[in-house]
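Numbering-wise (my numbering), the sequence shown opens with residue 20 and increments by one.
Backbone N, C-alpha and C fix where the C-beta goes; we use that ideal spot for every residue, glycine too.
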Amino acid sequence: MLAAAAIALIIGRPTAAEDLKPSGTIRIEQVQIAWIGSGNLGGGKLQFDGKTYDFTIGGLGVGGFGVSKITAAGTVYNLTKLTNFQGSYFQGRYGLAVGGASTGELWLKNSNGVVMKLKAERVGLALSLGGDAIYIELE
């Protein structure tokens, strides 16, 4: 299980900053429940090419304990057309939440080369270290 989490963290984080071209912003709200395995469900808004797009998000993963609500915002990179946004992403994550105090950063990457770097705020009681496969669908 630790090997799977390490692979997800490596895949989830881009290797070279010069490969990242900012193309939009994103805001996500989701609930994550973890007890060795984890599940999450939520949605968000993508700002791309002067427009706002709503989407849903869900997925399963490994690593972590607890229940938390996650609000994340950040930058989308390498998105050249809207259709490349939707699909499966691999997520490397770390973070800690106790009540309203939290830390954490998320990196997500899909097979189209779209990358998201998100600063996450958590509310709840959770320790998060691992990886997830999530699916984003435009509404």
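Contact check, residue i vs residue j, beta carbons under 8 Å
i          : j           : result
residue 78 : residue 154 : yes
residue 39 : residue 134 : yes
Expected contact under 8 Å - CB spacing of residue i and residue j to nearest Å
i           : j           : result
residue 41  : residue 96  : 6 Å
residue 74  : residue 158 : 6 Å
residue 105 : residue 76  : Incorrect: roughly 11 Å between the Cβ atoms, too far for contact.
residue 101 : residue 72  : 7 Å
residue 47  : residue 86  : Their Cβ separation, rounded to whole angstroms, is 17 Å, which puts residue 47 and residue 86 out of contact at 8 Å.
Candidates the options, of which the one nearest residue i by Cα
i           : options           : result
residue 15  : 65, 38, 60, 52    : Missing from the structure shown is residue 15; the chain here goes from 20 to 158 and no further.
residue 90  : 142, 39, 134, 106 : 142
residue 152 : 87, 94, 124, 60   : 60
residue 139 : 70, 130, 125      : 125
residue 45  : 127, 69, 94       : 94
residue 70  : 128, 43, 127      : 43
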